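In case it helps, our numbering puts the sequence shown at residues 3 to 451. Yeah, the Cβ is synthetic: ideal placement off N, Cα and C, and Gly gets one too. Since we're looking at a predicted model, the values are computed, not measured.
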Amino acid sequence: MSDRDSDSMDVNTNEVSQPLQRSPLSQGGSPAQKRTRSLPDPAPIAREAIKWIRHTIEEHATKRAVVPVEMQRNMYTKLSALDSAVHDLVIANLNLKSQLEESRRSAEICVGAAAAQFGAELRLREAAHEQTLEAVVARYAEKEAARALEVAEMGKNTPCMPLDLAEAPTYATATATKRETGTRERKADRSRSRAEKRNNKVKEAKKEVHVPAFILKECPGKSAKNVRNLIWTQVVEKKIRPKCQTVTIKTGKVILKPTDKETSDVLRQKSKVCPSLLQTDNLRWPRLIIKGVCSDTVISQRDIFEQNPELGISEDTMEEVVRPVFRTGPRDRAYTNCVVEVNPNFYGKFENTMIYLGFMRCTISPYEEVTQCHLCLRFGHPAAKCNDKEAVCAHCSRKGHKAADCPAAEADPTCANCRGKHSARDKTCSARTAYLFAQVRRTDYGTSQ
C-alpha cells in the first residue's frame with residue numbers, strides 16, 4: 003500500500019474517530035451511568051476497532067517500517083474505544099446475569115408456592131378419599147356380618163327331614179324348608195327408639211313441679227355479694243335449713259335456684275317484701291303450634307273462645323290466655339302454622355286438642371322445636387344474631403364450607419355439638435335434647451309452686 007493511501011486512511015480514521023471522542027464527565031453523575039446512556043451499542047465499535055488495529059499491524063509488518071506518530075495516536079484512540087466497548091459489554095453482561103438470576107428466583111418461588119398449594123389440595127383430597135374408603139369398608143363389613151348372621155339363623159331354623167330308607171330322597175324333599183308361622187319380630191329403629199325415649203322424658207319433665215328462681219339486684223352502695231349475705235341472714239332468721247344453688251351468668255347477674263319448697267316460699271316472701279333486693283324470675287309460658295291456619299286469619303283469643311265453647315273459657319275473660327308469637331311454614335301457601343304462647347293456668351285445655359278458626363278445623367300440639375343457628379349450628383339463637391363469620395358444615399363439622407359442598411360427603415357424618423356420628427341437624431342429638439330439657443325446666447306448665 004502506498005503512502006498516499008496510508009495518509010488517506012489516516013484522515014478517514016481521524017474523521018471516524020472524532021465523533022467518538024467523549025466530553026468531560028459531569029460533577030454529580032455516575033461515570034458508568036453516563037457512558038451507558040450516551041454511547042451507542044458497544045459491539046459494532048469494538049468490532050471496528052479490532053479490524054482497524056489488525057489491518058494496521060499487518061500493513062506495517064509487511065513494510066517493516068517505523069510506525070508514524072499519527073498512526074500511534076490513532077491506534078491509542080482505537081485501543082481506548084475498544085477498552086470502553088469491552089467495559090460496556092462486561093457491565094451489560096452483568097446486568098443481564100442479574101436479571102436472569104432474579105427471574106430464575108422468582109420462577110422458583112412461584113413454582114414452589116404452586117407446588118405447596120397443589121400438595122395441600124392433594125393431601126385434603128387423599129384424606130377425604132381415605133374417609134370415604136373407610137366408610138365403604140365399614141358398610142361392607144356390616145353387610146357381610148348381617149348376611150352371615152342371616153345365613154346362620156336360616157341354618158338353625160332349617161329342620162332335618164326324616165329320610166325313608168326304603169325310598170331315595172328327591173330334590174324337593176332335600177331342599178324343602180319349614181315356613182315360619184306368624185309375623186317376624188322387627189327390631190325398632192335406633193333413631194325411633196331414641197326419639198320415643200326423649201319424648202317420654204319430656205313428658206315426665208313437664209309433670210315435675212317447677213320451682214321458680216330468684217335474681218339478686220344490685221343496690222346503690224351495695225354489691226351483689228353484700229345483697230346475697232343480707233338475704234342469707236334474713237333466711238337463716240326463719241330457722242330453716244336453706245337448700246339453694248347460686249349461679250352467675252355471663253351478664254353478671256346472680257341467680258338463686260332453690261331446690262325445695264320451704265326455701266322457695268321464704269325467698270318468694272322476701273321478694274314481695276324487698277323487691278329492690280330480690281326479684282322473682284318468672285318462668286316462660288308454654289308454646290303450642292296451631293296447624294292448618296288460613297294465611298289471612300288474625301288469631302284473637304276472643305274469637306277462639308266464641309267459636310269453641312267446649313274449651314270452657316268465658317268470652318269475657320280479662321286475663322290474657324293466648325299470645326301469638328310467629329308463623330311457620332311456606333308463606334306463599336294458603337295455609338300456615340301459627341305458634342302461640344298459652345297461659346299456664348289454661349295449658350291443659352289446649353294441649354293436644356282441636357279448635358275451629360273461621361272455616362278451618364285446626365289441630366293443636368306442643369311446640370318442642372329448638373332454635374338452631376344455620377351458621378355455627380349451635381342452639382339458642384338464629385343466624386341473624388350469630389357472632390361467627392365462617393359457616394360450619396353440618397356433615398363433617400369443619401369450618402369454611404357448607405354441607406352441600408362438603409368434600410367428605412361419602413364419609414360418616416360428625417355432629418358439631420356432641421361429636422356423635424350423625425348430622426348436626428338430627429333431632430335425636432344429645433346436645434339438642436339437653437337444650438330442650440333446659441327449656442322445659444324454665445317453662446311453667448301449670449305445675450309450678
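Which partner residues does SER367 have in the DSSP bridge list? ILE291
Query raised in the report: Three or more C-beta pairs closer than 8 Å, one from the segment 436-449 and one from the segment 341-350: is that the case here?
Result: yes
TODO: Could you say if the segment 215-228 and the segment 242-262 meet the contact criterion of at least three C-beta pairs nearer than 8 Å?
DONE: yes
Between LYS391, PRO311, MET73, PHE307, which has its C-alpha nearest ILE55's C-alpha?
MET73
For this session: Give the secondary structure of CYS112 by DSSP, where H, G and I count as helix, E and B as strand, and everything else as coil.
Result: helix
Query raised in the report: For ASP390, which residues of its own chain have a beta-carbon under 7 Å away from its beta-carbon, when the five flanking residues on both sides are left out?
Result: LEU377, CYS378
Closest by C-alpha distance to TYR437, when choosing among CYS408, GLY382, SER425, LEU313: GLY382
Starting from ARG329, trace the beta strand (DSSP E) in both directions and tell me its first and last residue. 324-330
- Look up SER201 in the DSSP assignment and say whether it is helix, strand or coil. The question names Ser, but residue 201 in the sequence shown is Asn. The answer is helix: DSSP assigns ASN201 an H, G or I state.
*Do the segment 409-424 and the segment 121-130 make contact, defined as three or more Cβ pairs closer than 8 Å?*
yes
Next on the checklist: If you reduce the DSSP assignment to three classes, tell me which class TYR437 lands in.
Outcome noted: helix
task = Please name the residue in ARG107, VAL68, SER432 whose C-alpha comes closest to that of VAL372.
result = SER432
Looking only at DSSP bridge pairs, what is ASN339 linked to?
LYS293, THR330
- Query: For LYS145, which residues from the same chain have a beta carbon less than 7 Å from its beta carbon, with the 5 sequence-adjacent residues on both sides left out?
  - Reply: none
**Q.** Close beta carbons around GLU220, own chain, < 6 Å, minus the five adjacent residues each side
**A.** ALA226
Can you grab the Cα-Cα spacing for the pair GLU239 / ILE257, in whole Å?
21 Å
- Residue of ILE291, SER273, LYS293, LEU290 minimising C-alpha distance to ASN284: SER273
Checklist entry - What does DSSP give as the partner residues of VAL394 in its beta bridges? => result LYS401
Suppose contacts are defined by Cβ-Cβ distances below 8 Å. Is ALA418 in contact with SER399 by that definition? yes
So, is CYS364 buried or exposed, given that buried needs 16 or more other C-beta atoms within 10 angstroms?
buried
* **Secondary structure, beta strand (DSSP E): runs of 3+ residues fully inside the segment 83-156** => none
Identify which residue in VAL295, VAL237, ARG289 has its Cα closest to the Cα of ASP267.
VAL237
For ARG186, count neighbouring Cβ atoms within 10 angstroms of its own Cβ and tell me buried if that reaches 16, exposed if not.
In this prediction, ARG186 has a pLDDT of 48, which is less than 50 and means its spatial position is unreliable; what the coordinates show is noted afterwards. ARG186 comes out exposed.
Q: Keeping to the same chain, check which residues put their C-beta closer than 8 Å to that of ASP305; ignore five residues upstream and five downstream.
A: LEU359
**Item:** Bridge partner(s) assigned by DSSP for LEU218
**Value:** VAL256, LEU280
Check your understanding: In three-state DSSP terms, what is TYR78?
Key -> helix
Let me check one thing: in DSSP terms, what residues is GLN374 bridge-paired to? PHE381
Check your understanding: Of all Cβ atoms in chain C, is any one closer than 8 Å to the Cβ of GLN271?
Key -> Judged by its chain identifiers, the structure shown contains no chain C, having just a single protein chain.
Worksheet item: If VAL324 sits next to GLN303, beta carbons under 8 Å apart, how far is it from one beta carbon to the other, in whole angstroms?
Response: 4 Å
Own chain residues within Cβ distance below 7 Å of THR435, not counting five before or after: ARG200
| request: Provide the residue(s) that pair with TYR358 in DSSP beta bridges, ordered along the chain. | output: ARG363
- prompt: For LYS423, which three-state DSSP category applies?
  reply: coil
Taking Cβ to Cβ, would you say LYS290 is nearer than 8 Å to VAL344?
The amino acid at residue 290 is misidentified as Lys; the sequence shows Leu. Contact flag set, yes.
Q. Is it right to say ALA514 is buried, meaning 16 or more other beta carbons lie within 10 angstroms of its own, or is it exposed?
A. Residue 514 lies beyond the range of the chain shown here (3 to 451); nothing can be said about it.
Looking only at its chain, what residues have a beta carbon closer than 6 Å to the beta carbon of VAL300, apart from the 5 residues adjacent to it on each side? none
Practice prompt. Have a look at the DSSP bridge pairing and note the partners of CYS246.
Written response: PRO260
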